[in-house]
Structures are given as C-alpha cells and as structure tokens.
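The sequence shown runs -8 to 762 under our numbering.
Just so it is clear, CB atoms sit at the ideal spot from N, CA and C, and this is done for glycine as well.
All of these numbers come straight from a predicted model, not from anything done at the bench.
Accompanying notes for the structure given below.
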Amino acid sequence: MTARPTSPRGARHRLGQVLDYLPNRVIPALMALIVWLVAGSANLQVVALFTDATGPLALYGPTVLLAVAAVCLFAIRSGTDNRASLAADVVLFALPVAIMALRPPWSDAVGPVWGVALISVVQLFAMFLLLPRRDWDNEYAMQRLFGMTIGVFIVLYVLLSWDGVGFARFMGSLSLFAVFLGLLMVALSILRRWRRTAWVVAAAVVVSMVFFEFQHEAVYRNRVPVNADNYASADPFALWLFDRADADYYRRNRMPYPVILAASEGGGGYAMAHSYAFLSKMTERCPNFAQHLFALVGVSGGQVGNTLYQANLAPTNPAQVSQCGDDAVSDHAEYLATDHLSPLLGHLMFVEIPRKLLFLGAAAKGRTRALLESLNRTTANYAGVPDVAYSDHFWERSPEGGAIAYQLNGKPALVSVTANVQTGNRFVFSPFAFETLAETSWEFFQGSGDMQTGTHTLVEPDLGSVTLASASFPWVTPSLRFTMRRGFNQFFDADPNDLPVDGTDLTGAAVEHAVNLVDGGYFENSGAETLSEIMASISHETGTYLQRARINQGAGLHWYGANDDYAHRAFASVDGCDSLEARAVPFMQDGVDWGPCEMPFFVVTVLIRNTPQRPQSGAPQSFLRDPVTTLLQARSARGELAIATLEERRCGFGESCALTLDTVGSGDPNPQIYAGMFQSLVDSAAQELPLGWNMPRPKVAAIGDWVVPRAEVCAQFEGFEGATDFETPYSENALHPKALDLLVKRNCSHLRQMAKFFDATQMAKALEWRP
-8 MTARPTSPRG ARHRLGQVLD YLPNRVIPAL MALIVWLVAG SANLQVVALF
42 TDATGPLALY GPTVLLAVAA VCLFAIRSGT DNRASLAADV VLFALPVAIM
92 ALRPPWSDAV GPVWGVALIS VVQLFAMFLL LPRRDWDNEY AMQRLFGMTI
142 GVFIVLYVLL SWDGVGFARF MGSLSLFAVF LGLLMVALSI LRRWRRTAWV
192 VAAAVVVSMV FFEFQHEAVY RNRVPVNADN YASADPFALW LFDRADADYY
242 RRNRMPYPVI LAASEGGGGY AMAHSYAFLS KMTERCPNFA QHLFALVGVS
292 GGQVGNTLYQ ANLAPTNPAQ VSQCGDDAVS DHAEYLATDH LSPLLGHLMF
342 VEIPRKLLFL GAAAKGRTRA LLESLNRTTA NYAGVPDVAY SDHFWERSPE
392 GGAIAYQLNG KPALVSVTAN VQTGNRFVFS PFAFETLAET SWEFFQGSGD
442 MQTGTHTLVE PDLGSVTLAS ASFPWVTPSL RFTMRRGFNQ FFDADPNDLP
492 VDGTDLTGAA VEHAVNLVDG GYFENSGAET LSEIMASISH ETGTYLQRAR
542 INQGAGLHWY GANDDYAHRA FASVDGCDSL EARAVPFMQD GVDWGPCEMP
592 FFVVTVLIRN TPQRPQSGAP QSFLRDPVTT LLQARSARGE LAIATLEERR
642 CGFGESCALT LDTVGSGDPN PQIYAGMFQS LVDSAAQELP LGWNMPRPKV
692 AAIGDWVVPR AEVCAQFEGF EGATDFETPY SENALHPKAL DLLVKRNCSH
742 LRQMAKFFDA TQMAKALEWR P
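In structure tokens:
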C-alpha cells in the first residue's frame, strides 16, 4: 500500500505554522543564546566566575533565577497549541537551565550538575502545570507580571543604591547577570504584545543612548589653605634624597645610594594583585626596600595595586640597613581576591541603565566611585584609598606651618598614567614635576581654586579619582572628566600690556577648562616611558641640589624651598656647604667617593609586568576582528618599545646590558646589577589570569608564590650552571609548575640580585666580576 503524497495545501499550512511559531519564540531563543555564549565563554574572567563558585548562592542562584524567568516566559507564551509546538516550547524554555548544567566549567564536576538537574526538574514540573493555560490574551495577568518586573527592578535599584558593595557581593556577578537578563526578557516579551508601548520604549532607548550622555566628573578636595608666597618648594627629589637616614651605611662602604623607581603594568585585577603582592612581599623581605622607593609609576590595574600598597605602607626611614630575609610570610590572597566585579555590574545594570533610560541623569555615585567604594570595603587589617587631595598622598602640611607649608610624608610618590581622549596623548599625574612629553597634572591644575586673594585654597582631584582614571576602560568603567576652575588672576590670565598703569587690580571672568581621561594602557601599558623620563630628569647633572639661603643664618640652617627644620639626615654635617648636590652614577660600581656636600646615587628600575606574549603565526584573517586585534597588539608593541627605550637610556644606544642579558653571552652571574634593571614577571597566559576585577583566590595565591618565590624554591637554582639563562629550562623535577620554569627562575635571579643592594659585602663580591 503506497503512502499518499502530501497536498500542497497541507504543506503550506504546516509551513505557515512554523513561520507563525518562530517569530513568537525569538525572545526565549535569544535568552538561550545569551546564556550559551556566557556559559561557554573562553574569557578567563567568565570562566573564573564558574570555577571559583563554591557557596549555594554562587552555584545555584543564577540557575534558579533563569528558571523562574523561563517559567514566566512560558506562562505568557503566544502561538499555537498543537503537540509539535508544545514539545518545541518545553525544549526551548528549558534550554537556559540545561545549558547552565552542562556547559560551564563548574568548580565541582558533580555537585553543581546534579543540583542544576534538580532545578531543571522543578522547572519542568511548573511548566507542566502551566500547560493548560496561557496568559498571552489575559490583559490583567500581563499587567500584573509587568508591574512585578518593574517592581523587582525598583527594589534592586534601591538596594544597590543603598549598599552597592555588600548586597552586590552577596548576590554575585552571575546572579546579578541572571536576574537582569530574566527581567529584560520578560519585559521585552510583554512589550511585544503592547506594540504601541513597545515603539515608544524603543524610541526612548534610542534617544537616551544617542543624545543623553552621563558626565562622569572626578571628585575634588581642597588642600590646606596656604599663602600665595609659599606655594612652591625645593626639588622634591632633593628633599627626599638628602633626608635618607641610612645614607651613612653606603657612604662608609663607598657605594652609591640606591634609588628605586618601579613601574607597574596594566592588566585589570591580576595586575593589581601582582603589583601589590610584589611590593608588599619585597617590603617584608627587605626592611629597607620601601625606604629606597622614590616613585611608583602605574597604569590601569597596576596603578590600583600601587595605590593600595602605598596606603597600607607605614612611613619608614630607619638609619639601620638590614639584610633581606629568606621569606615573606604574609598572605594577602584573601584581600586581593575580594570581589570588585559584582559592585560594578550591579551599579551598571540596576542603577545606571535605568537612570539613563528614564533620563534621570547620572547618579551621585557613578561606576568609578562604586569600584572605589568596593576597594575600600575590605577586611579590617587593610587600609583603603585615602580620601585626600591627590598631592597630599606624598606631601603633608607641617603642623607648625613655616615658610614652606608642605613637607614630604615619608611614603613613595604615586605617578598615575592615563590617556587623554581628545588628544590621544599620555596625561600623567605626579606630585612632582619632571621633564616629559606627556600632558601633566601640575600644568593643567596650576593655580586651581580661588586665586583672587592673597590667601587662596588649592583644589585638586582626590586620590581615588586619579587612581581609577588610570583604570577607566570604557565600557567597563567610563572615562573621567577632570575640570580646572580658578578665579581670574591678572598675573596668570591677562596680557601684561593690559594691566592698569595706576596699580589697581584687573578683574575678569573665571577660568575653566576640562579634559576626559581613560586607561593609560590605551597609549602605553607598561609605564616604562614615564619611568624613563623620571629617571632622566633626576639623573641630570644639574638637576638635584639644595642651595643654602643667605638670610637669617644666625637663627639656624636655611635652604631655599625648605623649612627651617629640614633634617638632611643623609649628611652628618653640612658646615661649610653652600649647597647639597646629588650626582648620578650611570652604572653600579664600588669604590665611589662621597664628597662632604655631595651624595652619589644609582637609579634602580623595577618593571612589574606580564611576560611578553609570543605572537601567533599564520592566524586566520577576520574582517571584524582584525582592526581591533591590530589596535590591541599595537598597544602591547608600544609597551615593548618603551621598555627598549628605557634600556637604551640606561645603557646607551645599541648596548645590551640589562633586561635580556644572561650568562650565555657575558658570564656575569649578576648581570642585572650593573645596569640596575630588574623585572617581576607573571605569565597571564600560562597562569590563566583573568583581566577583570574578580580574581579567584587560588590564582592570587599563585601570583604571590611565584613573583617573590620562597627561599626553598629559589635554592634549587643555586649552583645551577644556567641560573641566569632564561631560555633553558631548569629541570623536570622542580618545586614550581613546569610551565612557569623560566619565569620562576628569572624572578629568583632578579630577587637575589636586588637583595645585594642592601648588603655591601655581597654587593662587593658581585661587582668583582666587573673590571
């Protein structure tokens, strides 16, 4: 018996059913696609959110929220009720939860899968109960569900505005994303039925996105009011250098005084953890390390780590030099693994987006401040970013005032590298001036505040704004706007030919100009270019000195630009000194003589950075990705070029004396000491380090373990013929991961050599190799 052919009318009817079904299922299909893309993303931050999930809320919260959203969508579904469409609906609406069960790399291979499977069963049972009914045509039910959706948004808006850090961390990034996605899909599904309302909402969204922009302004703080005649000061580097209390140790051993400049590369959360872990562990192992640290240059996450390190550092300037210890026992993993991503996402999705769509203007606290608040909400043992004017992290007002109101506070300077959106150039914040090709804060904010009276208030952005401007990477965190405002001042703002001849004051309009700043990594991600400019400025042969004032010498010692109580502890006696001078020593050597009024110094540079990634050969072309990839790779290449420029400034053009030198070519067992160029490395690819603001604790612990390795780890390289050969692996049987063999070997070698700057005997032995 032969089968009857399908009639054209029956085929058209079935095709019509399919074509009617598919448009009505675009929203649940879109929801499943978004969940698929997120759950299966290769992005290391997304992967870390799943692999680091441990608590019940982190494991099952996102899945429960997606299941609830899917049930709501199922209850208001539209379309036909034939068996085929119902079967397709069951599969389609259950798909997001199934994806969450099977696709992500969960921290536990069994527990989450079975837990999510149970959630899926409950969802299917709820959908079974809803099979006989469908509320698509029930206007009251649709209004009620839409009202509940808006109500949940409002509740979350209130909670995240009230406690944007604690509540966001309680929810977690995945749960926040799941509830936002679910609410959005339910709202879109309901608006699809209300066509006119949907067009109005769509028009409002377009207008708000195109024409209504939030202006994210930096926060400003007043400095202590000072008189106009004591705004300036002596060279900050001279004040810092000539007051080093341990200088006598180097004078007695005829060594130049080591001045350390460090640059922390950008890289989001892992760069923050790297810079903080390295600097804090070096400070713990080498008690005099922070005393010799003059400036910390930072980009993006590296600047955040620098700032947190400086905030948690006590001022130190001991007269005794102590040798470096074997280990740093402090564990900062819990502190550095704090979740800073959830507050960012919560504020973006439930505060900024609703306010933008409703044309309410920017919230009093933007995403940047939400991140700053999260950085400051840590365990009791750690300090947050100080709430001070930027320069006051380095300067402090003398309690007695005096001719020069501000003195150094005993901590290293924080130099923040940003990028100017309008010009594309570097914009550098620094509490001291130096020769640079970048735009600078000391020029931009000159005279900011009330300049119309003899006593005026200096106004600066706060330290938090400066720090996070360097880490503002749109669209994750917005650009920051910095505005300089000051009252009219005839000496600054008027043509000298326009000044009244009778000596009366000239008045005019207030002066205001602004700049929008973003992550310094857009221009150059290593910070090496700024570091090399600072090195060149302080090493200039006429750049560092203090001149004796010839006024009122009977009342005590006076130096131009310094208060009367300036200690100059680097010199036992300054009798007979008309000036105190610093002399830069180009290469490390022993037998350096100190004059009675002269202090030789040697600049030591430390690059805290990621291992340079080898480019892939023969990668496939991509019409969409190639322009973006080129821009990102060019940024990395500029960083490598800046490091090469730093080496040339240190060693001379064409010389290879520092970063890549090893015993294969030179035979020197301490090759970095001669030029004073060191590195602390991580390998973001081999260590699978996320770029975002939520670092898993095991990843943070691994960073701390290998950037300043334990003594037993470094001991395995002692006596090894290739201890400074950073291309030949050490051994198959090592105390560190095989993939990090060369990295750990290099970090151990550089750590061992840096420690010699605090041990004159060991340094003398190291320099015997050099002629």
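Here the alpha carbon of Gly257 sits roughly 11 Å from the alpha carbon of Asn297.
Counting along the chain, Pro591 sits inside the beta strand (DSSP E) bounded by residues 589 to 601. By the Cβ rule, the segment 678 to 688 counts as touching the segment 33 to 47, because three or more pairs are nearer than 8 Å. Annotation: Pro611 to Ala628 spans about 20 Å, alpha carbon to alpha carbon. With at least 16 other beta carbons inside 10 angstroms of its own, Met686 counts as buried. Per DSSP, Gly292 lies in no beta strand (DSSP E); the unbroken alpha helix (DSSP H) holding it starts and ends at 292 to 302. Taking all protein chains shown into account, Pro249 has 16 or more neighbouring C-beta atoms within 10 Å of its C-beta and is therefore buried. Going by C-alpha positions, Gln311 is about 6 Å away from Asp237. According to the DSSP secondary-structure assignment, His504 is paired through a beta bridge with Met475. Here the alpha carbons of Cys315 and Phe749 stand approximately 7 Å from one another.
In this structure the segment 227 to 237 does not touch the segment 265 to 275; the number of beta carbon pairs closer than 8 Å is below three.
For the pair Ala371 and Glu426, the Cα-to-Cα distance works out to about 40 Å.
Under the three-state reduction of DSSP output, Ile67 falls in the coil class, being neither helix nor strand. Per the DSSP secondary-structure output, Pro249 pairs in a beta bridge with Phe593. CA-to-CA, the gap between Ala561 and Arg641 works out to about 25 Å. Residue pairing by DSSP places Asp453 opposite Ala380 in a beta bridge. For Thr140, the enclosing alpha helix (DSSP H) covers residues 130 to 153.
Phe65 is positioned such that its CB atom lies no closer than 7 Å to that of Leu115.
Sorting Met162, Asn661, Leu522 by C-alpha distance to the C-alpha of Gln580 places Asn661 at the top. Taking Trp585 as reference, the option from Glu572, Phe578, Val594 with the minimal CA-CA separation is Glu572.
Beta-bridge partners assigned by DSSP to Met22: none are found.
Here DSSP, grouped into helix, strand and coil, assigns Arg94 to coil. Relative to the Cα of Leu93, the nearest Cα in the group Asp43, Val26, Leu405 belongs to Val26. A contact between stretches requires three or more CB pairs, one per stretch, nearer than 8 Å, and the segment 448 to 467 fails this requirement with the segment 198 to 205. At a Cβ-Cβ threshold of 7 Å, Glu208 and Arg472 count as neighbours.
A distance of 7 Å or more separates the beta carbons of Pro403 and Ser365.
Across the structure, Ala361 and Leu167 are spaced so that their CA atoms are roughly 15 Å apart.
For Ala410, the uninterrupted beta strand (DSSP E) segment begins and ends at 404 to 411. For Arg417, the enclosing beta strand (DSSP E) covers residues 417 to 420. When DSSP states are grouped into helix, strand and coil, Arg74 belongs to the helix group. Buried is the label assigned to Tyr300, since at least 16 other Cβ atoms lie within 10 Å of its Cβ. When Cβ pairs closer than 8 Å are counted between the two stretches, the segment 145 to 160 is seen to touch the segment 340 to 350, the count reaching three or more.
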